[in-house]
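Novice: Chains as they are written, first to last, in the numbering used here: chain A, 2 to 368; chain B, 2 to 368.
Glycine included, C-beta positions come from ideal geometry on N, C-alpha and C.
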């Protein structure tokens with residue numbers, strides 16, 4: 002990313018800009034604020050692929066009505082420890098925020114809480130939601146399905162989403178553990194970057210449409226862009242030799258929790274067409290959970306155990322050529338600290354688009 | 002395994018044999034029966050590495066007192082939706098069975114249930130416990146930590162267990178989905194087999210003690226057996242190129258749920274020595290969970306969605322050289338059907354050991 006980084010933008014100004022765009026396309030202030038803040042939070046954590054880079058897509062979807070600006074969000078069914086929310090085809094971020102908050106409220110009251118969401122949209126980085134559990138002394142979990150990009154093991158048609166899983170657990174003096182991982186070997190973004198830099202990609206990331214291992218990033222991206230049938234490989238790669246069936250199994254598990262339990266569409270049907278062949282309402286599914294730590298063990302004991310455990314991993318002798326062992330979330334916390342200090346990093350392409358959006362929405366540009 | 006398979010044993014006779022061995026070393030009848038049945042269930046499902054092959058190890062541990070034959074199993078803390086059980090250093094199978102049953106009971110009553118176990122032992126295949134949820138129309142989950150065999154990403158000392166995860170979800174006319182996967186790229190058993198067959202192993206499975214990629218199965222197994230510091234790699238392999246940090250993250254997540262929430266030992270400390278340097282009581286941790294489907298969606302709808310989803314995966318065009326796409330658990334269900342018909346497959350090495358055990362325990366041999 003550093004190749005492309007050209008500027009740093011004031012965090013609050015960027016949030017306010019996104020907020021105004023959302024308001025102009027009809028989103029209520031609460032949801033506009035949530036989506037703006039959660040989008041910029043992704044860029045702050047260094048995950049530019051899931052942040053304000055999506056602002057145009059969201060704004061255009063809202064304007065076209067494929068994303069509903071004022072959705073009828075409703076609780077479909079609820080118990081003291083579970084709920085299903087229908088997002089009404091609105092933005093994914095605000096409903097996810099509220100669903101995770103509901104899971105946490107249940108955990109605070111009863112011990113655990115799980116909320117599944119249907120008829121939703123792309124909602125940025127999962128870590129945003131799993132991490133909401135941390136200040137409440139809960140372990141948090143989030144999952145989502147997504148449009149089909151990944152091959153099932155032994156198959157050659159993208160049928161699974163990158164179906165990520167996030168788990169966040171609080172620690173004491175150490176940083177919390179924050180895992181946020183696609184169940185594919187890599188995200189499509191890595192192949193996009195290789196394509197832009199004219200670099201080859203290693204076997205084990207993707208397959209061409211004919212099922213052969215993809216190594217030419219240009220050909221792979223071309224097949225992806227034209228929807229010809231190229232696909233990402235599951236975590237563990239092609240076949241079963243390196244455990245590709247495990248990544249494939251995790252993707253199915255996410256599909257079960259996020260889509261089949263809530264009644265959302267499975268990955269191949271997440272972005273349907275209308276009978277006229279136009280883009281319809283998305284029907285993405287999410288799953289959020291929270292476990293209250295002190296239902297299992299006193300919080301102080303758990304935090305101490307987390308600190309000691311994480312430190313013991315960092316203290317492991319390093320592999321040849323390596324000088325540091327990371328705990329999940331560490332890189333992102335460090336990026337966030339730097340970016341809060343120096344400004345949100347925005348790359349050339351996204352900056353140009355934000356300027357264009359400023360012009361279109363008659364707002365002052367922040368980049 | 003087929004190379005080594007020499008005989009098929011009557012299922013009930015094998016279960017009774019194991020039961021008698023456990024009784025003779027002081028285990029109560031209920032626990033002896035559960036451990037015998039759950040052990041043979043692994044062999045029935047074709048997972049010979051986790052079945053009666055462990056009988057000697059369990060029997061000797063029970064005789065030596067490192068596994069407590071009549072443990073003080075007790076509920077440490079409990080809420081309507083959570084519990085922590087101290088296994089009292091007894092056998093892992095019976096406490097796991099009861100813990101999962103308790104999680105299911107909570108799910109039946111309240112909607113979800115989670116039970117974490119500490120001071121436990123090896124408990125065979127995780128699928129045994131996750132699948133207990135199926136007849137109760139629940140989604141089941143099980144996790145366990147284990148002794149250190151896996152390198153953290155960028156490290157070169159085994160510090161993580163193979164820390165498996167199992168998830169089982171009911172279907173309608175299709176078989177249920179049953180994922181049971183180590184979070185390492187492969188199990189040590191695969192390297193053992195390559196060693197026995199004098200075959201090399203592919204890069205991405207393991208590291209020698211010096212941190213170089215292991216390809217010579219003899220050298221790798223020698224370093225493993227002598228505890229010199231060789232280690233398995235996480236799902237995704239070495240480094241981050243193919244997502245090894247994801248398998249590493251999942252292993253930490255299992256450690257958090259199974260060990261840190263319950264107060265069990267983290268993987269490197271699961272099998273401690275006594276002050277005299279002898280083997281002490283193990284302190285393995287497990288985590289079991291159940292979600293009642295109809296708290297989210299009517300069971301009939303869910304089953305139909307599971308059937309359609311699984312069928313849609315099987316219908317995907319096949320990769321070159323492949324003629325079938327599997328759903329997790331299918332291979333094991335098919336093995337179980339065959340083995341119930343033809344007898345439990347027992348390989349030469351295990352058969353010899355069972356005969357020796359029969360002699361030692363003055364029982365009639367069943368192999």
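#1: Under 8 Å by Cβ, that's how I've got residue 235 of chain B and residue 154 of chain B pegged, so tell me the actual separation to the nearest angstrom.
#2: Could you name the residues of the same chain whose beta carbon sits closer than 8 Å to that of residue 78 of chain A, not counting the 5 residues immediately before and after it, in chain order?
#3: Which stretch, first to last residue, makes up the beta strand (DSSP E) that contains residue 328 of chain B?
#4: What are the boundary residues of the beta strand (DSSP E) that includes residue 293 of chain A?
#5: Alpha carbon to alpha carbon, what distance is there between residue 167 of chain B and residue 115 of chain B?
#6: Can you give the Cα-Cα distance for residue 91 of chain A and residue 74 of chain A, rounded to whole angstroms?
#7: Could you check whether residue 117 of chain B and residue 297 of chain A sit closer than 8 Å to each other, using their CB atoms as the reference points?
#8: Any C-beta of chain A sitting closer than 8 Å to the C-beta of residue 263 of chain B?
#9: Tell whether a beta-carbon distance below 8 Å holds between residue 188 of chain A and residue 205 of chain A.
#10: Shorter than 8 Å from the beta carbon of residue 72 of chain A to some beta carbon of chain B?
#11: For the alpha helix (DSSP H) containing residue 307 of chain A, list its first residue and its last residue.
#12: Could you work out which residues of chain A lie near residue 296 of chain B, taking near to mean beta carbons separated by less than 8 Å?
#13: Determine, using beta-carbon pairs with one atom in the region 285–295 of chain B and one in the region 132–148 of chain B, whether at least three such pairs fall under 8 Å.
#14: I want to see whether chain B comes within less than 8 Å of residue 155 of chain A, judged by CB atoms only; does it?
#15: So, helix, strand or coil for residue 341 of chain B, using DSSP?
#16: Using only the alpha-carbon positions, how far apart do residue 216 of chain B and residue 225 of chain B sit?
#17: Provide the residue span of the beta strand (DSSP E) that contains residue 144 of chain A, from first to last.
#18: Below 9 Å on C-beta distance, what does residue 178 of chain B contact in chain A?
#19: In the DSSP assignment, find the beta strand (DSSP E) that holds residue 181 of chain B and state where it starts and stops.
#20: Distance cutoff 8 Å, beta carbons only. Does residue 362 of chain A sit that close to anything in chain B?
#21: Pull up the distance between the alpha-carbon of residue 353 of chain B and that of residue 359 of chain B, whole angstroms please.
#22: Any beta-carbon of chain B closer than 8 Å to the one on residue 160 of chain A?
#23: Report yes or no: is there a C-beta of chain A within less than 8 Å of the C-beta of residue 182 of chain B?
#24: What would DSSP say about residue 364 of chain B, mapped onto helix, strand or coil?
#25: Who are the neighbours of residue 187 of chain A on chain B, taking C-beta pairs under 7 Å?
#26: Assign residue 201 of chain A to buried or exposed, taking buried as 16 or more other Cβ atoms, counted over all protein chains shown, within 10 Å of its Cβ.
#27: Counting only beta-carbon atoms, is residue 312 of chain B nearer than 8 Å to chain A?
#28: According to DSSP, which residues form a beta bridge with residue 115 of chain B?
#29: Shorter than 8 Å from the beta carbon of residue 48 of chain B to some beta carbon of chain A?
#30: Counting only runs that start and end within the region 187–273 of chain A, where is the alpha helix (DSSP H) found for 4 or more residues in a row?
#31: Which same chain residues, not among the five before or five after residue 27 of chain B, have their C-beta less than 7 Å away from its C-beta?
#32: Tell me whether residue 228 of chain B is buried or exposed, calling it buried when 16 or more other Cβ atoms sit within 10 Å of its Cβ.
#33: Rounded to the nearest angstrom, what separates residue 8 of chain A and residue 246 of chain B at their Cα positions?
#34: Alpha carbon to alpha carbon, how far is residue 306 of chain A from residue 339 of chain B?
#35: Decide if residue 322 of chain A is buried, meaning its Cβ has at least 16 other Cβ atoms within 10 Å, or exposed.
#36: As an exercise, report each continuous alpha helix (DSSP H) stretch of at least 4 residues that is fully enclosed by the region 37–113 of chain A, in chain order.
Specialist: Working from what's here:
#1: Position 234 of the second chain, counting from 1, holds the residue named residue 235 of chain B. Position 153 of the second chain, counting from 1, holds the residue named residue 154 of chain B. Residue 235 of chain B to residue 154 of chain B, Cβ: 6 Å. Contact.
#2: Residue numbering aside, residue 78 of chain A sits at position 77 when the first chain is read from its first letter. 84 and 85.
#3: For the purposes of this step, residue 328 of chain B is identified with residue 327 of the second chain, where counting begins at 1. It is not in any beta strand (DSSP E) - residue 328 of chain B carries neither H nor E in the DSSP assignment.
#4: Counted from its first residue, the first chain places residue 293 of chain A at position 292. Counting along the chain, the beta strand (DSSP E) containing residue 293 of chain A begins and ends at 285–293.
#5: Looking up residue 115 of chain B in the second chain gives position 114. Looking up residue 167 of chain B in the second chain gives position 166. Taking the straight line joining both Cα atoms gives about 14 Å.
#6: For this step, residue 91 of chain A is matched to residue 90 along the first chain. For this step, residue 74 of chain A is matched to residue 73 along the first chain. The straight-line gap from Cα to Cα measures roughly 8 Å.
#7: The count along the first chain starts at 1 and reaches residue 297 of chain A at position 296. The count along the second chain starts at 1 and reaches residue 117 of chain B at position 116. Yes, the pair counts as a contact, with Cβ atoms nearer than the cut-off.
#8: By 1-based counting over the second chain, the position of residue 263 of chain B is 262. Closer than 8 Å to some Cβ of chain A, the Cβ of residue 263 of chain B qualifies, so yes.
#9: Position 187 of the first chain, counted from the first residue, corresponds to residue 188 of chain A. Position 204 of the first chain, counted from the first residue, corresponds to residue 205 of chain A. No, the Cβ-Cβ distance between residue 188 of chain A and residue 205 of chain A is not below 8 Å.
#10: Translated into the one-based positions of the first chain, residue 72 of chain A becomes position 71. Output row for residue 72 of chain A: interface = no.
#11: As a first step, residue 307 of chain A must be located in the first chain, where it is residue number 306. Run containing residue 307 of chain A: 300–315, per the alpha helix (DSSP H) assignment.
#12: Mapped onto the second chain, residue 296 of chain B falls at position 295. Under the 8 Å cutoff, chain A gives 78, 80, 82 and 83.
#13: yes
#14: One-based indexing of the first chain puts residue 155 of chain A at position 154. Yes, contact with chain B.
#15: The residue labelled residue 341 of chain B in the question sits at position 340 within the second chain. Here residue 341 of chain B sits in helix by DSSP.
#16: What you label residue 216 of chain B is simply residue 215 of the second chain in a count that begins at 1. What you label residue 225 of chain B is simply residue 224 of the second chain in a count that begins at 1. Taking the straight line joining both Cα atoms gives about 14 Å.
#17: Taking the first residue of the first chain as 1, we reach residue 144 of chain A at position 143. Unbroken beta strand (DSSP E) run through residue 144 of chain A: 139–145.
#18: Looking up residue 178 of chain B in the second chain gives position 177. Near residue 178 of chain B (Cβ distances below 9 Å), the residues of chain A are 250, 253, 254 and 257.
#19: Sequence index remark: in the second chain, residue 181 of chain B carries index 180 (1-based). 178–182 is the extent of the beta strand (DSSP E) around residue 181 of chain B.
#20: Here residue 362 of chain A refers to the residue found at position 361 when the first chain is read from its first residue. Chain B, which has no Cβ nearer than 8 Å to the Cβ of residue 362 of chain A, makes this no.
#21: As a position in the second chain, residue 353 of chain B is number 352, starting the count at 1. As a position in the second chain, residue 359 of chain B is number 358, starting the count at 1. Distance between the alpha carbons of residue 353 of chain B and residue 359 of chain B is about 10 Å.
#22: Counting from 1 along the first chain, the entry for residue 160 of chain A is found at position 159. At least one chain B Cβ lies under 8 Å of residue 160 of chain A.
#23: Numbered from its first residue, the second chain carries residue 182 of chain B at position 181. Closer than 8 Å to some Cβ of chain A, the Cβ of residue 182 of chain B qualifies, so yes.
#24: Start at 1 with the first residue of the second chain, and residue 364 of chain B comes out as number 363. Coil at residue 364 of chain B, not helix or strand.
#25: Counting from one through the first chain, the residue named residue 187 of chain A turns up at place 186. Residues of chain B passing the Cβ test: 244.
#26: By 1-based counting over the first chain, the position of residue 201 of chain A is 200. Exposed, since its Cβ has fewer than 16 Cβ neighbours within 10 Å.
#27: Position 311 of the second chain holds residue 312 of chain B. Using a Cβ-Cβ cut-off of 8 Å, residue 312 of chain B does not count as an interface residue toward chain A, since no Cβ of chain A sits closer than that to its own.
#28: For this step, residue 115 of chain B is matched to residue 114 along the second chain. Per DSSP, B/83 and B/290.
#29: Residue 48 of chain B sits at position 47 when you count from the first residue of the second chain. No, because no Cβ of chain A sits closer than 8 Å to the Cβ of residue 48 of chain B.
#30: 189–197, 218–226 and 245–256
#31: For this step, residue 27 of chain B is matched to residue 26 along the second chain. Taken in chain order, the residues that qualify are 63, 70 and 71.
#32: Along the second chain, read from residue 1 onward, the residue named residue 228 of chain B stands at position 227. Its Cβ having fewer than 16 others within 10 Å, residue 228 of chain B is exposed.
#33: Counted from its first residue, the first chain places residue 8 of chain A at position 7. Counted from its first residue, the second chain places residue 246 of chain B at position 245. Each residue's Cα considered, the two are about 30 Å apart.
#34: Mapped onto the first chain, residue 306 of chain A falls at position 305. Mapped onto the second chain, residue 339 of chain B falls at position 338. Roughly 46 Å between the two C-alpha positions.
#35: Mapped onto the first chain, residue 322 of chain A falls at position 321. Classification of residue 322 of chain A: exposed, given that the 10 Å Cβ count is below 16.
#36: 56–65 and 93–111
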